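Enquirer:
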Amino acid sequence: MKRFVVVRYHEIGLKGKNAPFFFNQLLANLRKACYGLGVEGVRRGHAMAVLSLSPEAEWEQLKERLGKVFGVARFSLAFHTEATLEALEVAILEELKRLTFSSFRITAKREDKAFLLTSQDINRELGASIQRATGARVDLHHADLDIAVDILPREAYFSFQWAPGPGGLPVGTGGKVICLLSGGIDSPIAALRMMKRGCQVVFVHFHGFPLVEGTSRHKAAELVEILNQYQYSSQLHLIPFGDIQKQIIVATPPPYRVLLYRRMMLRIAGEVARRENAGALVTGDSLGQVASQTLENLAVIDKAASMLVLRPLIGMNKQEIIDQALLAGTYETSIIPDEDCCQLFVPKHPVTRGSLEEVHSLEVNLDIPALVAQGMVGAEVKEFSVPEGLAVGPSPII
Ligand code: ATP
Ligand code: MG
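Going by the working numbering, the sequence shown opens with residue 932, and the numbers climb by one from there.
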């Protein structure tokens, strides 16, 4: 029989009048995510999206891709029939011939309340005929085979396999944000958390060139390549920060340098945001993780930003962030040693409670607008848009 994937969403259903906007974005994202995997069509069903599959389509590959589509709550490999008990019985028995199992369980859901039988009736009737035809027994708790049956208005689906989606909202429904992406473990996960809430993320990375080689550029690009699997097209702005840092170093005693670096980064990223029409900046800060991430220092850093700064990891422990990075597939790249521009000239004893007055008195010695302009002029922009290049890797749930 022809196979389908039935995709269920959760939060989109709660969006009232805006539901079509969220749903259409989900359909568009599903199309991109399944590119090249034998999906013939993506259409709207009753509170679901339905993908129709060519005979070549492979469930395992689809599972990996669909497991990364934000907005998807769960999905199953399904067969389609008329919404009658007889049609279901014939089709299920036909498909069961390909499977071996000694126990089974049926879970029927009747979304068409006009259907004459209750879910319990459907379970009982179908269960009895499957038992008769196969000799397998019913086991409600440890069945070899779970058979899900969905009765919808005018049609029905049944399936033997399902997988969880990552949840959240479809990328593209939450506006655009600019993520400050270091080569570290945290910021890629901060970006992913924003994608999960529907944001399109534009990346900005500051590298130490020409002060050092600036090899962190390659690492940032590799991370964006991985993260692009969740949003299908991405932009990475690579900004040379070495010269800017040099000027900060000259004007600033060691304990205050990191604060001034971070403030400059926010200003330049803010300029990128203005040009890209983005609504917020995003960083991977987690409270207290390093000296620049105390409440006092974060407040001082924030004052340099002209727009909302979001820190989705602020309440997470390092281990929690690492666990997510492992699932997302960014961890291995993040731990490759490199020359992070900010590890250069980092003092042994940075201030933990920076004062804004002190920062202001140091910054008067810098031509801030000129430094921002210098960063923007030197920027190199890399584009990533490769639905067909989506790798088939492990399927993370974040
Ligand atoms: P990460 O693991 O993301 O590097 P971290 O714990 O090492 O974070 P910091 O190095 O203090 O923390 O950086 C805090 C945040 O500042 C980062 O999460 C990132 O958003 C931003 N940031 C730091 N360095 C850079 C950089 N070179 N380019 C872009 N953003 C940066
Ligand atoms: Mg870092």
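Every residue, glycine too, gets a C-beta built ideally from N, C-alpha and C.
Since the model is a prediction, treat every value here as computed from it, not as a measurement.
Express the C-alpha separation of Arg-1085 and Leu-1158 in angstroms, rounding to a whole number.
Expert: Looking up residue 1158 in the sequence shown gives position 227. Looking up residue 1085 in the sequence shown gives position 154. Distance between the alpha carbons of Leu-1158 and Arg-1085 is about 40 Å.
Enquirer: At a cut of 8 Å, does the region 1237-1250 reach the region 1133-1146 through at least three beta carbon pairs?
Expert: no
Enquirer: Whether or not the region 1219-1237 and the region 1126-1134 are in contact is what I'm after, with contact meaning three or more pairs of Cβ atoms, one per stretch, closer than 8 Å; do they touch?
Expert: no
Enquirer: Does the Cβ of Leu-1111 lie closer than 7 Å to at least one heavy atom of ligand 4?
Expert: Although ligand 4 was asked about, the structure shown includes only ligand 1 and ligand 2 as ligands.
Enquirer: Whose C-beta lies closer than 7 Å to the C-beta of Ala-1209 among residues of the same chain, with five residues either side of it excluded?
Expert: Translated into the one-based positions of the sequence shown, residue 1209 becomes position 278. Result list for Ala-1209: Lys-1107, Val-1108, Ile-1109, Val-1133, in chain order.
Enquirer: Pairing CB atoms from the region 992-1005 with CB atoms from the region 1085-1103, are three or more of them under 8 Å?
Expert: yes
Enquirer: Below 7 Å, is the gap between the Cβ of Ser-1165 and the nearest heavy atom of ligand 1?
Expert: Reading the sequence shown from its first residue, position 234 is the one you call residue 1165. Every heavy atom of ligand 1 is 7 Å or more from the Cβ of Ser-1165, so no.
Enquirer: Whole angstroms is fine: what's the gap from Asp-1298's alpha carbon to Gln-1305's?
Expert: Here residue 1298 refers to the residue found at position 367 when the sequence shown is read from its first residue. Here residue 1305 refers to the residue found at position 374 when the sequence shown is read from its first residue. Straight-line Cα distance between these residues: approximately 11 Å.
Enquirer: By the DSSP assignment, the beta strand (DSSP E) with Asp-1081 in it spans what residues?
Expert: For the purposes of this step, residue 1081 is taken as the residue at position 150 of the sequence shown. Looking at the DSSP string, the run of the beta strand (DSSP E) that includes Asp-1081 is 1076-1083.
Enquirer: According to DSSP, simplified to helix, strand and coil, what is Thr-1015?
Expert: Stepping through the sequence shown from its first residue, residue 1015 is reached at position 84. If DSSP states are grouped into helix, strand and coil, Thr-1015 belongs with coil.
Enquirer: Under DSSP, the beta strand (DSSP E) around Val-1108 begins and ends at which residues?
Expert: Looking up residue 1108 in the sequence shown gives position 177. Val-1108 -> beta strand (DSSP E) spans 1107-1111.
Enquirer: Closer than 8 Å is the cut-off here; do at least three beta carbon pairs connect the region 1039-1055 with the region 1081-1095?
Expert: yes
Enquirer: Taking the C-alpha atoms as reference points, what is the distance between Val-1240 and Leu-1112?
Expert: As a working note, residue 1240 is residue 309 in the sequence shown. As a working note, residue 1112 is residue 181 in the sequence shown. Distance from the CA of Val-1240 to the CA of Leu-1112, rounded to the nearest whole angstrom, comes to 14 Å.
Enquirer: Flag this pair as yes or no: are the beta carbons of Ala-1094 and Arg-1005 separated by less than 8 Å?
Expert: The residue labelled residue 1094 in the question sits at position 163 within the sequence shown. The residue labelled residue 1005 in the question sits at position 74 within the sequence shown. Yes, Cβ-Cβ distance for Ala-1094 and Arg-1005 is below 8 Å.
Enquirer: From this set, Asp-1077, Thr-1015, Pro-1281, which residue's C-alpha is nearest Ile-1053's C-alpha?
Expert: Counted from its first residue, the sequence shown places residue 1053 at position 122. If you compare the alpha carbons of Asp-1077, Thr-1015, Pro-1281 with that of Ile-1053, the shortest gap goes to Thr-1015.
Enquirer: Please identify the residue among Ala-964, Val-1189, Glu-1013 whose C-alpha is closest to the C-alpha of Val-1221.
Expert: Position 290 of the sequence shown, counting from 1, holds the residue named residue 1221. Comparing Cα-Cα distances from Val-1221 to each of Ala-964, Val-1189, Glu-1013, the minimum goes to Val-1189.
Enquirer: Alpha carbon to alpha carbon, how far is Glu-1294 from His-1138? Give it in angstroms, no decimals.
Expert: Reading the sequence shown from its first residue, position 207 is the one you call residue 1138. Reading the sequence shown from its first residue, position 363 is the one you call residue 1294. About 21 Å.
Enquirer: Output needed for Gly-972: all residues of its chain with C-beta closer than 6 Å, excluding positions within five of it in sequence on either side, in chain order.
Expert: As a position in the sequence shown, residue 972 is number 41, starting the count at 1. So the qualifying residues of the chain are Ser-983.
Enquirer: Using the Cβ count rule (16 or more neighbours within 10 Å means buried), how would you classify Met-1195?
Expert: Taking the first residue of the sequence shown as position 1, residue 1195 is located at position 264. Under this definition Met-1195 is a buried residue.
Enquirer: Which residue wins for smallest C-alpha separation from Glu-991, given the options His-977, Gly-969, Arg-974, His-1011?
Expert: As a working note, residue 991 is residue 60 in the sequence shown. For the residues His-977, Gly-969, Arg-974, His-1011, the minimum Cα distance to Glu-991 belongs to Gly-969.
Enquirer: Counting pairs of Cβ atoms below 8 Å between the region 1051-1065 and the region 957-967, do you hit three or more?
Expert: no
Enquirer: DSSP puts Gln-979 in a beta bridge; with which residues?
Expert: The residue labelled residue 979 in the question sits at position 48 within the sequence shown. Contrary to the premise, residue 979 reads as Met rather than Gln in this sequence. Paired residue(s): Gly-976.
Enquirer: Quick check on the DSSP output: the alpha helix (DSSP H) that includes Tyr-1088 runs from which residue to which?
Expert: Counting from 1 along the sequence shown, the entry for residue 1088 is found at position 157. No alpha helix (DSSP H) contains Tyr-1088, which is instead part of the beta strand (DSSP E) from 1086-1095.
Enquirer: Could you tell me whether the Cβ atoms of Val-1231 and Val-1290 are closer together than 8 Å?
Expert: Translated into the one-based positions of the sequence shown, residue 1231 becomes position 300. Translated into the one-based positions of the sequence shown, residue 1290 becomes position 359. For Val-1231 and Val-1290, yes; Cβs fall inside 8 Å.
Enquirer: Cβ of Val-937 within 8 Å of Cβ of Ser-1007?
Expert: Within the sequence shown, residue 937 is the residue found at index 6, counting from 1. Within the sequence shown, residue 1007 is the residue found at index 76, counting from 1. Yes. Within cutoff.
Enquirer: CB-CB under 7 Å to Gly-1058, same chain, minus the five flanking residues each way: which ones, in chain order?
Expert: Residue 1058 sits at position 127 when you count from the first residue of the sequence shown. Closer than 7 Å at the Cβ level, and outside the excluded window around Gly-1058, lie Ile-1037, Val-1069.
Enquirer: Classify Arg-934 as helix, strand or coil using the three-state DSSP reduction.
Expert: Along the sequence shown, one-based indexing puts residue 934 at 3. Strand.
Enquirer: List in chain order: all unbroken alpha helix (DSSP H) runs of 4+ residues lying wholly within the region 1170-1223.
Expert: 1173-1182, 1188-1207
Enquirer: Give the straight-line distance between the Cα atoms of Glu-1311 and Lys-1150, rounded to the nearest whole angstrom.
Expert: By one-based count along the sequence shown, residue 1311 stands at place 380. By one-based count along the sequence shown, residue 1150 stands at place 219. Between Glu-1311 and Lys-1150, the C-alpha separation is close to 15 Å.
Enquirer: For Ser-1165, which beta-bridge partners are listed by DSSP?
Expert: Here residue 1165 refers to the residue found at position 234 of the sequence shown. DSSP output for Ser-1165 lists Phe-1315 as bridge partner(s).
Enquirer: Since Ser-1034 sits in a beta bridge, which residues does DSSP pair it with?
Expert: Here residue 1034 corresponds to residue number 103 of the sequence shown, with the count starting at 1. Answer by DSSP bridge pairing, in chain order: Arg-1068.
Enquirer: Short of 7 Å in beta carbon distance, which residues of its chain neighbour Gly-1324, apart from the five on each side in sequence? Order them along the chain.
Expert: Counted from its first residue, the sequence shown places residue 1324 at position 393. Note that Gly-1324 scores a pLDDT of 46, beneath 50, so its modelled location is shaky; the value from the coordinates is reported in the next line. Around Gly-1324: Glu-995, Gly-1260.
Enquirer: Let me make sure I understand the geometry here. Which of Ala-959, Lys-1177, Ile-943 has the alpha-carbon closest to that of Tyr-1161?
Expert: Looking up residue 1161 in the sequence shown gives position 230. When only C-alpha atoms are compared, the closest one is Ala-959.
Enquirer: Grouping DSSP H, G and I as helix and E and B as strand, with all else coil, what is Lys-1150?
Expert: In the sequence shown, counting from the first residue as 1, residue 1150 sits at position 219. Looking at Lys-1150 - three-state DSSP - the assignment turns out to be helix.
Enquirer: Per DSSP, what kind of secondary structure is Ser-1118 in: helix, strand or coil?
Expert: By one-based count along the sequence shown, residue 1118 stands at place 187. DSSP places Ser-1118 in helix when its eight states are reduced to three.
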